[in-house]
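Before any comments, here is the structure.
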Amino acid sequence: MKMTMKTPLVEIDGDEMTRVLWAAVKETLLEPFVELKTARYDLSVTERDKTCDRVTHEAAAAILKYGVGVKCATITTTEARLKEYGLARLYPSPNATIRAVLDGTVFRSPILLESVKPAVATWTEPVVIARHAYGDVYKAAEMAVAGPGKAELVWTGADGSEKRVTVADMPGGGVLQAMHNLDASIESFARSCFRYALDAKLPLMFAAKDTISKTYDGRFREIFADVYAEYKDRFAAAGITYFYTLIDDAVARVVKGRGGMLWACKNYDGDVMSDMVASASGSLAMMRSVLVSPSGAYEFEAAHGTVQRHYYRYLNGEKPSTNPVALIFAWTGALSKRAELDGLAELAAFARTLEEAVIDTIESGWMTADLQPLSSLKPEKALDSWAFLEKIAERVRTTKR
Ligand SMILES: NC(=O)c1ccc[n+]([C@@H]2O[C@H](COP(=O)([O-])OP(=O)(O)OC[C@H]3O[C@@H](n4cnc5c(N)ncnc54)[C@H](O)[C@@H]3O)[C@@H](O)[C@H]2O)c1
């Protein structure tokens, strides 16, 4: 008897190798055990093109409506992709669109293995990154200018008032960029970080560069301090701390530390640092990633991209050894959140079993090519993605729940 679900899970399909693996994960590890109930949105680049990107906005709205979504990796369009797929135009990154709608914070933590030691020898616990998912360079306006001139930043208030500041008197051509953030978004970012730190009992560090960016980063620092006032007593009771530091100091502390902390990063820092933490912990594919909105909606995803090079090999008839772990953990995260919200204990137990089966399979020496050179088990060969999924399925089938 398969397990049943109550509320549909918002399923967002994507592109290239991750789309191929998405179908394989469902077929091998989910559908044999669970009567999946999903509201499916196809965010492949061709479908986004066909719908003028409407489907991305519909998917984001569905996550707000149902509360939990799971997303495959998607192509962010570029000139090269426009030609490759014959697209009508360039579209914004689907992740940026969804993050802007959900206005959330992305929490990313490495999936640790006994047999893969992190590149940073002192790390014994995960470094969890909280990435602000709204604004900054991801919603910036940019301009290239051909010759000398004056660049100004102008704000026109709703009441018609004006603020103006000179950016630069430019002696020649160059490039300009203006970005923004909103107090309300920074505040909800801060609040979700304090809440997550309390739930996970992790000390929290927020880092920016307010010595240089006195107004912009200074505002982030102030808002974090204000929100912390509400959490101070609960932090003390939980035996955890909060502090602010400069981003360069934060990097030094993380690299010298033992992990076991929540590091709150502005949008761009979080983008870069989460890849650094993922790679230093083993592989981009060994990372959990979840976007949490202030209204309590969750989007689980793989932190890596569509693994384009492997896809071209797949199209050539090869069976690549792409690591599906982050995709599987996106599904288990989403299913266990759905189980928690709908009171489905059996589904929650299944999600736990599947995660344990993944870890046990790797710790028994069966893994994909990205982990093989890192593993202390020194396996003779790596499995292709399909053989790896089958090894996991064998374990799930034989585990008592
Ligand atoms: N979350 C997302 O939707 C997301 C994130 C990043 C990039 N992208 C898109 O993905 C496409 C490819 O981008 P990219 O090549 O820069 O990033 P990528 O993460 O797909 O791949 C970068 C490299 O990391 C390794 N890698 C990543 N995931 C792996 C896995 N599961 N198993 C084994 N190795 C893995 C591979 O060596 C690969 O060459 C682009 O079109 C980009 O727009 C999407």
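Just so we're aligned, residue 629 is where the sequence shown starts under our numbering, counting upward by one. All residues carry an ideal CB built from backbone N, CA and C; glycine is no exception. These figures come from a predicted structure and were not determined experimentally.
Original post:
In chain order, what residues of the same chain have a beta carbon less than 6 Å from the beta carbon of Ala-930, not counting five sequence neighbours either side?
Top reply: Ala-701, Ala-954, Leu-955, Ala-958
**OP:** Can you tell me which of the three DSSP states Cys-821 falls into?
**Re:** helix
Original post:
CB of Gln-1000 to nearest heavy atom of ligand 1: below 7 Å?
Top reply: no
Subject >> Outcome for Tyr-926 when other beta-carbon atoms lying within 10 angstroms are tallied against a minimum of 16 >> reply: buried
Original post:
Is it the case that the Cβ atoms of Ala-979 and Val-698 are separated by a distance below 8 Å?
Top reply: no
Subject >> Cβ distance (whole Å) where Thr-733 is taken to contact Val-920 below 8 Å >> reply: 6 Å
Original post:
Counting pairs of Cβ atoms below 8 Å between the stretch 764-776 and the stretch 735-751, do you hit three or more?
Top reply: no
Subject >> Sequence-distant residues of the same chain with beta carbon closer than 6 Å to Val-729, five excluded per side >> reply: Ala-688
**OP:** Starting from the Cα of Gly-934, find the closest Cα among Glu-1022, Arg-717, Ala-913, Leu-658 and give me that residue.
**Re:** Inspection of the sequence shows that residue 934 is occupied by Thr rather than by Gly. With distances taken between Cα atoms, Thr-934 lies closest to Ala-913.
Subject >> Where Ala-667 sits in the DSSP three-state scheme >> reply: strand
Original post:
Taking the DSSP output, what are the residues bridged to Gly-1054?
Top reply: This structure does not reach residue 1054, given that the chain is present from 629 up to 1029, and the question cannot be answered.
**OP:** With a cut-off of 8 Å on the beta carbons, I'd call Tyr-859 and Phe-822 a contact; round off their distance for me.
**Re:** 4 Å
Original post:
So Ser-813 packs on Tyr-762, CB below 8 Å; how close in whole Å?
Top reply: 4 Å
**OP:** Return the CA-CA distance between Gly-802 and Gly-777, expressed in angstroms with no decimal places.
**Re:** 10 Å
Original post:
What is the residue span of the beta strand (DSSP E) that Asp-927 lies within?
Top reply: Looking at the sequence shown, residue 927 is not Asp but Glu. Residues 926-929.
Original post:
Can the beta-carbon of Ala-892 be found closer than 8 Å to that of Leu-832?
Top reply: yes
Original post:
Which residues in the same chain as Ala-908 place their Cβ atom closer than 8 Å to its Cβ, once the five residues preceding and following it in sequence are excluded?
Top reply: Pro-746, Ala-747, Val-748, Trp-751
**OP:** Measure the beta-carbon distance from Lys-965 to Asp-1012 and round it to whole angstroms, keeping in mind my assumption that it falls under 8 Å.
**Re:** Rounded, the Cβ-Cβ distance is 30 Å, inconsistent with contact.
**OP:** Measure the CB-CB distance between Val-1034 and Tyr-669 and report whether it falls below 8 Å.
**Re:** The structure shown does not extend to residue 1034, since the chain is modelled only from 629 through 1029, so no value can be given for it.
Original post:
What number of angstroms, rounded off, separates the C-alpha of Ala-690 from the C-alpha of Ala-774?
Top reply: 44 Å
**OP:** Pick out the complete beta strand (DSSP E) segments inside the stretch 668-705, 3 residues or longer, and give them in chain order.
**Re:** 696-699
**OP:** Could you tell me the distance, in whole angstroms, from the CA atom of Val-673 to the CA atom of Ala-857?
**Re:** 45 Å
Subject >> Proximity below 8 Å, CB of Lys-894 to CB of Phe-848 >> reply: yes
Subject >> Boundaries of the alpha helix (DSSP H) in which Phe-957 is found, first to last residue >> reply: 953-970
**OP:** Could you tell me the distance, in whole angstroms, from the CA atom of Met-771 to the CA atom of Trp-783?
**Re:** 17 Å
Original post:
Measuring CA to CA, which of Met-629, Thr-632, Met-645 is closest to Gly-945?
Top reply: Met-645
Original post:
What span of residues does the alpha helix (DSSP H) with Phe-661 cover, start to end?
Top reply: Neither: Phe-661 is in no alpha helix (DSSP H) and is coded neither H nor E.
**OP:** Taking only heavy atoms of ligand 1 into account, decide whether any of them is closer than 7 Å to the Cβ of Gly-1031.
**Re:** Missing from the structure shown is residue 1031; the chain here goes from 629 to 1029 and no further.
Original post:
Can you give, in chain order, each stretch of the beta strand (DSSP E) that sits fully within the stretch 827-894 and has at least 3 residues?
Top reply: 832-836, 870-874, 889-893
Subject >> Spatial neighbours of Asp-641 in its chain, beta-carbon cut-off 8 Å, leaving aside the 5 residues before and after >> reply: Arg-647, Trp-650, Arg-668, Tyr-669, Asp-670, Leu-671, Ser-672, Cys-700
Original post:
Helix, strand or coil: which one does DSSP assign to Lys-634?
Top reply: coil
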